[in-house]
Amino acid sequence: MYAAAVGTWNAQDQKCLLAAASHANTELDFASLDDATGRMEDHATEARCVFVPHDANLTAIVSRLRQRASLLTVPVIAVVSHPSELLYRTAFASGADDALVSGDRGGMTRRLANLRACTPKEYPAREQGLALVASADIGLRRTLGQSLRRAGFDVAYASDARSLIEVARAPRALALVVATETFPPLGGEAAVRSARTAAQRPNLPAMIVPDDGSATRSSGDMPYDADGKLLCFAEEVMSRDATDVRASSRLAYPTICAFRPAGVLQATYGLSHNISREGCFIRTLDAPKPKTELWLELRASESEHTVHLRGEVVWRREPGAVGATPFGFGLRLLPDHCPPTDLAQYVAGYDALRQKLVHGS
-15 MYAAAVGTWN AQDQKCLLAA ASHANTELDF ASLDDATGRM EDHATEARCV
35 FVPHDANLTA IVSRLRQRAS LLTVPVIAVV SHPSELLYRT AFASGADDAL
85 VSGDRGGMTR RLANLRACTP KEYPAREQGL ALVASADIGL RRTLGQSLRR
135 AGFDVAYASD ARSLIEVARA PRALALVVAT ETFPPLGGEA AVRSARTAAQ
185 RPNLPAMIVP DDGSATRSSG DMPYDADGKL LCFAEEVMSR DATDVRASSR
235 LAYPTICAFR PAGVLQATYG LSHNISREGC FIRTLDAPKP KTELWLELRA
285 SESEHTVHLR GEVVWRREPG AVGATPFGFG LRLLPDHCPP TDLAQYVAGY
335 DALRQKLVHG S
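Right, here's the structure in full:
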């Protein structure tokens, strides 16, 4: 197992990382990003990860890391100063796969041990099809493209209407289109119509995104896709031929949450990815084993109330996998075990969020 700690670290975090690496039998380097990427290539047959401090430019670090196809699935763990909604959402929206609170040596050790236990996989050939990213901004094209590449898609780019039509008419069929709101000359909706016409596919899956990510910001300087809509859109496209046993649809809803096995006092923090009436998916590299009964605390959607729920882990996505679904676990709620008032608030919040999305408000 190899880990790189990129950026500037205080003495406490250095000490915690070194102790965690020692306990998890992991080789740890404090290095620049350029040195770290080179060393990770040298450790390609081992499990790997990157730690980044909260005050570093996480978006830029992840972007440079993901430019190498061989490092697309290497987990990035952000170390934040405290467990707040803004810090966790910003860390994950910037490309982190997990976030830890500064000084949490136990959390660092568990994540390294979990990663070490996973069998490293070579980056496989992509099988999800071709995604078209249409944006006049090269930085946003790169960011959106990296997210879709990591989800398993090949990606083609268009910076203007002519290149968009050329890609859509190419022999290889498109799987989806992502266009920015102000794509020249007539905007995102016109770009989607042009792509569908050129591809002769009126139902080609498409998504229009804001040019500056402003629609995804709840507070502070939140990076693009802070609400996880792009990943959820990619998941939906990839799973259209699969059977979904949920009675209700999944809705993107990122909020900090705390979970712990039943009866355990110390909680682990994660970020919810999507929710349904029946359960939710939590992003973390410290996913419990399937069939584990969990106690979960999170803020109900469209509410300021924190709810306490209970459920069972039904599956988890481990490091090394390629796809739109991030690392973490799926939790099925156990209604008979949940406090009735809390469960009712959770369901009401889900219904309110669904109505908001339906009406576009």
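Here the sequence shown is numbered in the numbering used here, starting from -15 and rising by one per residue.
Where a beta carbon is used, it is the ideal one built from N, C-alpha and C, also for glycine.
Report task. For residue 101, count neighbouring Cβ atoms within 10 angstroms of its own Cβ and tell me buried if that reaches 16, exposed if not. Result -> As a first step, residue 101 is located in the sequence shown; it is residue number 117 there, counting from the start. Residue 101 comes out exposed.
Report task. Pull up the DSSP beta-bridge partners for residue 90, would you. Result -> For this step, residue 90 is matched to residue 106 along the sequence shown. Per DSSP, none; premise fails for residue 90.
**Report entry** Contact belief for residue 297 with residue 276 at Cβ below 8 Å, rounded distance in angstroms
**Finding:** Translated into positions along the sequence shown, residue 297 becomes position 313. Translated into positions along the sequence shown, residue 276 becomes position 292. Indeed, because the Cβ distance is near 5 Å, the residues count as touching under 8 Å.
Query - Cβ-based neighbour list, residue 94, same chain, cut-off 7 Å, excluding 5 preceding and 5 following - result: By 1-based counting over the sequence shown, the position of residue 94 is 110. Excluding residues up to 5 positions away in sequence, 270 lie with their Cβ nearer than 7 Å to the Cβ of residue 94 in the same chain.
Query raised in the report: DSSP state of residue 177, grouped into three classes?
Result: Within the sequence shown, numbered from 1, the residue matching residue 177 stands at position 193. Here residue 177 carries a helix assignment [DSSP, helix/strand/coil].
Query raised in the report: Are there three or more Cβ pairs, one per stretch, closer than 8 Å when the stretch 85 to 93 is compared with the stretch 282 to 290?
Result: Touching, no, given that fewer than three Cβ pairs across the two stretches are closer than 8 Å.
Query - Counterpart residues of residue 164 in DSSP-defined beta bridges - result: Residue numbering aside, residue 164 sits at position 180 when the sequence shown is read from its first letter. Paired residue(s): 193.
**Report entry** Residues that DSSP places opposite residue 10 in a beta bridge
**Finding:** Here residue 10 refers to the residue found at position 26 when the sequence shown is read from its first residue. Beta-bridge pairing links residue 10 to no other residue.
Query raised in the report: Looking at the structure shown, is residue 292 part of a helix, part of a strand, or coil, going by DSSP?
Result: By 1-based counting over the sequence shown, the position of residue 292 is 308. Here residue 292 carries a strand assignment [DSSP, helix/strand/coil].
Report task. For the beta strand (DSSP E) containing residue 32, list its first residue and its last residue. Result -> Working through the sequence shown from its first residue, we reach residue 32 at position 48. Looking at the DSSP string, the run of the beta strand (DSSP E) that includes residue 32 is 32 to 37.
Requested in this report: Could you say if the stretch 178 to 188 and the stretch 147 to 158 meet the contact criterion of at least three C-beta pairs nearer than 8 Å?
Outcome: Between the stretch 178 to 188 and the stretch 147 to 158 there are three or more C-beta pairs closer than 8 Å, enough to call the two in contact.
**Report entry** Proximity of residue 46 and residue 115 at Cβ, strictly below 8 Å
**Finding:** Position 62 of the sequence shown, counting from 1, holds the residue named residue 46. Position 131 of the sequence shown, counting from 1, holds the residue named residue 115. For the pair residue 46 and residue 115, the CB atoms are not nearer than the 8 Å cut-off.
Query raised in the report: For the candidate residues 217, 171 and 178, whose alpha-carbon lies nearest to that of residue 131?
Result: Looking up residue 131 in the sequence shown gives position 147. It is 217.
Query - Contact under 8 Å by Cβ, residue -10 with residue 6 - result: Walking along the sequence shown from the start, residue -10 turns up at place 6. Walking along the sequence shown from the start, residue 6 turns up at place 22. Taking 8 Å as the Cβ cut-off, residue -10 and residue 6 do not qualify as a contacting pair.
Requested in this report: Would you tell me roughly how many angstroms separate the C-alpha atoms of residue 120 and residue 141, rounded to the nearest one?
Outcome: What you label residue 120 is simply residue 136 of the sequence shown in a count that begins at 1. What you label residue 141 is simply residue 157 of the sequence shown in a count that begins at 1. Between residue 120 and residue 141, the C-alpha separation is close to 10 Å.
Query raised in the report: Based on the DSSP secondary-structure assignment, which residues constitute the bridge partners of residue 256?
Result: Sequence index remark: in the sequence shown, residue 256 carries index 272 (1-based). In the DSSP output, where bridge partners are listed per residue, residue 256 has 266.
Query raised in the report: On the three-state DSSP scale, how would you describe residue 217?
Result: In the sequence shown, residue 217 corresponds to position 233, counting from 1. Correct three-state label for residue 217: helix.
Query raised in the report: CA-CA distance, residue 168 and residue 126?
Result: Residue mapping note: residue 168 aligns to position 184 of the sequence shown, counting from 1. Residue mapping note: residue 126 aligns to position 142 of the sequence shown, counting from 1. C-alpha separation (whole angstroms): 18 Å.
Requested in this report: With a threshold of 16 other CB atoms inside 10 Å of the CB of residue 65, please say whether the residue is buried or exposed.
Outcome: The count along the sequence shown starts at 1 and reaches residue 65 at position 81. So residue 65 ends up on the exposed side.
Query raised in the report: What separation, rounded to the nearest whole angstrom, lies between the Cα atoms of residue 199 and residue 165?
Result: Translated into the one-based positions of the sequence shown, residue 199 becomes position 215. Translated into the one-based positions of the sequence shown, residue 165 becomes position 181. In this prediction, residue 199 has a pLDDT of 39, which is less than 50 and means its spatial position is unreliable; nothing more can be read from the coordinates.
Query - Host beta strand (DSSP E) of residue 314 (start-end) - result: Your numbering for residue 314 matches position 330 in the sequence shown. Note, residue 314: beta strand (DSSP E), 312 to 317.
Query - Rounded straight-line distance, which links the Cα of residue 300 to that of residue 99 - result: Here residue 99 refers to the residue found at position 115 of the sequence shown. Here residue 300 refers to the residue found at position 316 of the sequence shown. About 13 Å.
Report task. Express the C-alpha separation of residue 3 and residue 189 in angstroms, rounding to a whole number. Result -> Along the sequence shown, one-based indexing puts residue 189 at 205. Along the sequence shown, one-based indexing puts residue 3 at 19. As the crow flies, the alpha-carbon of residue 189 is around 48 Å from that of residue 3.
Query raised in the report: Looking at C-alpha atoms only, which residue of 136, 236 and 84 is the closest neighbour of residue 37?
Result: Locating residue 37 in the sequence shown gives position 53, counting from the first residue. It is 84.
Query raised in the report: Hey, residue 278 and residue 241: beta-carbon distance below 8 Å or not?
Result: Position 294 of the sequence shown holds residue 278. Position 257 of the sequence shown holds residue 241. Their beta carbons are not under 8 Å apart, which means residue 278 does not touch residue 241 by this criterion.
Query raised in the report: Just the Cα atoms here: how many angstroms apart are residue 144 and residue 312?
Result: Position 160 of the sequence shown holds residue 144. Position 328 of the sequence shown holds residue 312. Spanning the two alpha carbons is a distance of roughly 37 Å.
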